[in-house]
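Position 300 (the first sequence) corresponds to 300 in UniProt numbering; numbering is contiguous. Down below is the structure, laid out as structure tokens.
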Amino acid sequence: MEDVADQYAPEDVESSAQAHWDDTDAYEATKEAHADDPSYFFVDGPPYTSGQMHLGTAWNKTLKDAIIRRKRMEGHHVTDRPGYDMHGLPIEVKVEQELGFDSKRDIEEYGMEAFIEECKEFAERNRENMDDDFQSIGVWMDWDNPYKTLSPEYMEAGWWAFKQVHENGLLSQGKRSINQCPRCETAIADNEVEYHEIESPSIYVKFPLKGKEGNLVIWTTTPWTIPANTFVAVDSEMTYLGVRAERDGESELLYLAEPVVEEALKKGRYEDYEVVDEVSGEEMVGWEYDHPLADEVPDHADFEGAGQVYTAEYVEADRTGLVHSAPGHGQEDFERGQELGLDVFSPVHGNGDFAEAAGKYEGTFVRDANDDIIADLDEKGLLFASGTHRHRYGQCWRCDTDIIFLATDQWFITITDVKDELLDNIEDSEWHPQWARDSRFRNFVEDAPDWNISRQRYWGIPLPIWVPEGNATPDPEDLIVVGTREELAERVDQEVNPEEVDLHRPSVDPLTITEDGTTYERVPDVFDVWIDSSVASWGTLDFPGNEGDYDELWPADFIVEAHDQTRGWFWSQLGMGTAAVGEVPYKEVLMHGFANDKDGRKMSKSVGNIVTPEEAIERAGRDPLRAYLLSHDQQGVDLSFEWEGLGEMQSTLNILWNVFRFPLPYMRLDGYDPAEANLDDGELTVVDEWVLSRLQSVKSNVDEAWSEFRVHDALNEVLEFVVGDVSRFYVKAIRERMWEEEDSDSKRGAYATLSTVLLETVRLIAPFTPYLAEQMYQHLDGSETTVHMLSAPEVDRAYHQPKLEADMEVLRTVEEAAANARQQGGRKLRWPVQRIVVETTDDEVAESVRSLESLLLERVNSQSLEVVDGFDELVERADPQMSVIGPAFGGEAQQIMGAVQGTSRDELTQDGGLSVDVDGETYELDEEMVEFHAEPPEYLSGAEFDGGTVYVDTQLTDEIESEGYARDVVRRVQEMRKQLDLDVEERIRAHVDVADDRVAAFVDENREFIAEETRTSEFVDEDESFDLREEWDVEGVDVTIGIARVAEQSAAQND
RNA sequence: GGGCCAAUAGCUCAGUUAGGUUGAGCGCUCGGCUGAUAACCGGGAGGUCCGCGGUUCAAAUCCGCGUUGGCCCA
């Protein structure tokens, strides 16, 4: 084992640990070690292969890695197959950009097969990058065998599930109003729509009533939907007014909602109006009107029921209070239209161009036709008002094209039919934090609409649906859903090898099935990519191809993702699990947050506030980055990344490193092997017992934190123990025992204790900082291949002493107060004090202090301890009460006050009463003229602590001065030895000259002590040959010190 | 527009479950310690507990209304 570096250098530690893992196949050994343990089925939420690891995915995988490592240490055979989400529109769009494509036509011309091959290569390329990225932060998962959503086995898992859905009667087809991306020419799901601010036309249009005088006035921001107008909606309970309004000398009858009449007429620049009619919305139902573009769009909706007024719930007293409704171009309109039994008229192609049925506008892109439509309406005198309106509008999440609403034929999983079951199944999983499940997730599921799972695209799992030739919209029982590759091979008319078939388009497109005289052809759509990941819980296990693991393991014990996945993967799995097999596919969920910038703002390219994991690793290291990410709340809360915090974590780990390397040189000199540490060998002092007890408490707290997935609490518990207890207190307490040259029970006790603490701490921290833990373990023990194959350290009740921990807690606060008092009394720790006095009325505090007396004396460097409940050496000093003295003494009051202030009670007391002398005159004082407070006399310095007050007696004695000066000289010599970079054992000649005779005498009587402490062979006279000579100021006295190496000795030391 | 979450020292966060004088680490500053030493320890300064209103003897904490940020939905 190589030497341990003086400084914690993460890069060195990490490359060394990585090399060790590579050399020893440590990952495989770890899995092997837990192969027979009870299984723990973890499922990796597959990241999308669109790019590389960012800070958020680094956090996600680090958290997963820590949990997997810990679960193994707790004795589980953990499923650790990583996954990748590799299909879908995002990749298609990226590839289209690479190839310079603008539309689907470009793809068709290029050739679907070639295009799909490009998508596959793109996804694989990214996956390989991400493989490397994740491994670079120490994520131990089965990288040789990730599940990939594009593999035939995985795609089959999707088919299988979909077949179950169909068999459960939850597959339906039909026209629905969907969000269409006109560039991608496909439907996209609601959650694929992103919103941004745009400026749209804002027009008010008159719809002339038929068979009745007057006009309905509607408002819209999408003029292009007017060709498809089918009905006008009103609020049944609202009052509508017929007003005769005047403009430019002409008058006309307009119908508007009562609350908005004024505002609307103003928009239309009407000068005056008169109310001539008043009706309720209900009464308007059935009114008929002429389609405003009847001439331009001859094929407009004029079927039974079209062109009439109906009520609808989506109407508000806004703008005009009448809503132009086109079921072909809007979700609410569509739903209301269905209720009313109206046909759907949607004269627009998937690419956003008007179709033939749009008459005059055929071939124009819908939004480009807005101006023409407005002009046509104006020309016909139907334009009531026109302007623009800023509002939020949806765009495609991938290509940022503004969406349009279309009613098209799509395939759905009708999860609204099993809403109750979905809500019930939510209860079957436990979430951390729980509010995420009971509030956010439940709300989402309650509102979830049917799941549109068809996409008119290429790169995805093809829909395994076959419909009768020439009947694109059959009843559900007349279609065929294929569940496996084998079933496909059996049923299709063509020759297919189930082992070799690529389920992707276009190879499955031409396959047909002929049964009972009917030939079926495949629906050309592919699945919504959310279907892919929704089946991960069995796709991970290669089910249905491999049934054994599924039977044994499913459902997943545990999943971990960020909070955006409530509507994503947490949901899609619940939806698919419930629809396909009636169960939620996971038992426990940990939901973490997002990594934002230091101001809590989203990291984004445009803002330029992105921090990459690579940069963080370069500046701080892998373990510090991991620990930094994991030290913050892992349950639902976002992280504000800032460099200072990362630096702090590195410092904290450096303390751990220092604690670890501190005993090694001593142990080595003594030939002590920390791996063989035995607490029964040697003598355990009270600090040993204490730190061992603390260790038990820490393990217990860590166990509890892990059991609730309070991952950050588990980590912080360990770090606080290392910094607060081991470094700050224990190491300081045992240093002198380590320095003992001879073998002793005391030293062996300290070795055994520290070794135990270190080895168990290493195991506690291993899941968080795997590299550092490995390096430390290999130095301290190394008997197993890797620290990560060990078990988590267990609490040993025999070493748990809560009472001792409580006592020590008291001692530490007393010690702190004593240090404070020393500072105020100007007495540094190197100089002993005669006594400290602990004043407390709390019996438990008193007992704790007494029980640890010798340790306390040692730590505060005091010769004795007194514990009292009231300290009689305090002096009561007077505070004059001017509100009483003033009225009583008038002109003399100021002088009397001055004389009283700060005087002791003894000095003021005469003949049993209070009085004070001012200029020879005695004034009698009443009790209420003076209040007293207790103060320590000058030779005492006090400081309060929680539970009492500590007084330090700072009076000097010759003995104290003698020791104080001697230790000051020792300290200076040590400092000089260090400047010369002398070896610990190296001997010196020294000269000490003290300018003050009295102090010189103190130093002289301690020559032997000084020589021993500083490895001084002999004291010599002033000499020219010193290696170093320095002038020091020790408590105001000039001290000249010279030291020189002893040549022969240092030579002997070097062999 | 709606749901959920967050806001406490210059920075990062505890404390909110169950109301009772707001704490820690880092940073700053002054001091101490000194064979872990580019480490470590103590003191000090530093707070409108996001704002306003309410409940209460008492609110960082409970309730209401806002502001800002995050995620999600429309």
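For every residue, glycine included, the Cβ atom is placed at its ideal position computed from N, Cα and C.
Around the Cβ of Tyr240, a 10 Å sphere holds 16 or more other Cβ atoms; the residue is buried.
Annotated three-state conformation of Asn609 is coil, per DSSP.
Between Leu656 and Leu99, the alpha-carbon positions lie close to 53 Å from each other.
At the C-beta level, Asn215 and Pro208 come within 8 Å of one another. Selection His788, His389, Phe365 and Gly138 evaluated against Glu197 yields His389 as nearest (Cα-Cα).
Taking one beta carbon from each stretch, the stretch 40-60 and the stretch 125-136 have 3 or more pairs nearer than 8 Å; the two touch. Distances from the CA of Ile218 to each of Pro802, Phe384, Ser1017 and Gly577 were compared; the closest alpha carbon is that of Phe384.
In the DSSP secondary-structure assignment, Gln308 is bridged to Phe231 and Glu288.
Put simply, the backbone Cα of Arg442 is about 7 Å away from that of Leu423.
In the DSSP assignment, Ile203 falls within the beta strand (DSSP E) that extends over Val193 to Lys210. Between Ile960 and Pro832, the C-beta spacing is below 8 Å. Residue Pro585 holds the alpha-carbon nearest to the alpha-carbon of Asp428 among Pro585, Glu237 and Pro468. Excluding sequence positions up to five before and after Glu784, its CB lies within less than 7 Å of the CB of Leu790, all in the same chain and listed in chain order.
The C-alpha of Leu695 is placed about 7 Å away from the C-alpha of Val757. With a threshold of 16 other beta carbon atoms within 10 Å, Gln180 meets it and is buried. Nearest to Glu547 by C-alpha distance, out of Glu490, Asp946, Ala157 and Gln456, is Ala157.
Between Phe1009 and Leu55 the beta-carbon gap is near 57 Å, outside 8 Å, which marks them as no contact. Note: Thr518 is bridge-paired with Glu515 in the DSSP secondary-structure output. Residue range Asp958 to Gln979 is occupied by the alpha helix (DSSP H) that includes Gln979. Excluding sequence positions up to five before and after Thr949, its CB lies within less than 6 Å of the CB of Glu839 and Gly942, all in the same chain and listed in chain order. Between Phe932 and Gly825, the alpha-carbon positions lie close to 23 Å from each other.
When beta bridges are read from the DSSP output, Trp411 appears opposite Gln173.
The beta-carbon separation of Phe231 and Leu342, rounded to 7 Å, stays under the 8 Å limit for a contact. Bounds of any alpha helix (DSSP H) do not take in Ser1017; it lies within the beta strand (DSSP E) bounded by Thr1016 to Phe1019. Secondary structure at Phe354: strand, using DSSP grouped into helix, strand and coil. Contact between Val523 and Leu63 is ruled out by a C-beta separation of about 40 Å, above the 8 Å threshold.
Under the rule that a run must span 3 or more residues, the beta strand (DSSP E) segments found entirely inside the stretch 385-452 read 404-413 and 430-432. Sequence-distant Cβ neighbours of Gly593 in its own chain, meaning closer than 7 Å and more than five residues away, are Ala562, His563, Gly636, Val637, Asp638 and Leu639. According to DSSP, residue pairing for Trp1032 in a beta bridge involves Val1039.
Boundaries around Phe932 are those of the beta strand (DSSP E), Val930 to Glu935, since no alpha helix (DSSP H) includes it. For the pair Ala26 and Thr786, the CB atoms are nearer than the 8 Å cut-off. Residue environment for Glu96: buried (at least 16 other C-beta atoms within 10 angstroms of its C-beta). Spanning the alpha carbons of Gln410 and Glu250 requires a straight line of approximately 49 Å.
The C-beta separation of Leu590 from Phe768 comes to about 15 Å, leaving the pair out of contact by the 8 Å criterion. Taking a 10 Å sphere around the C-beta of Asn425, we find 16 or more other C-beta atoms and assign the residue as buried.
Between Glu815 and Arg859, the C-beta gap is smaller than 8 Å, which places the two residues in contact.
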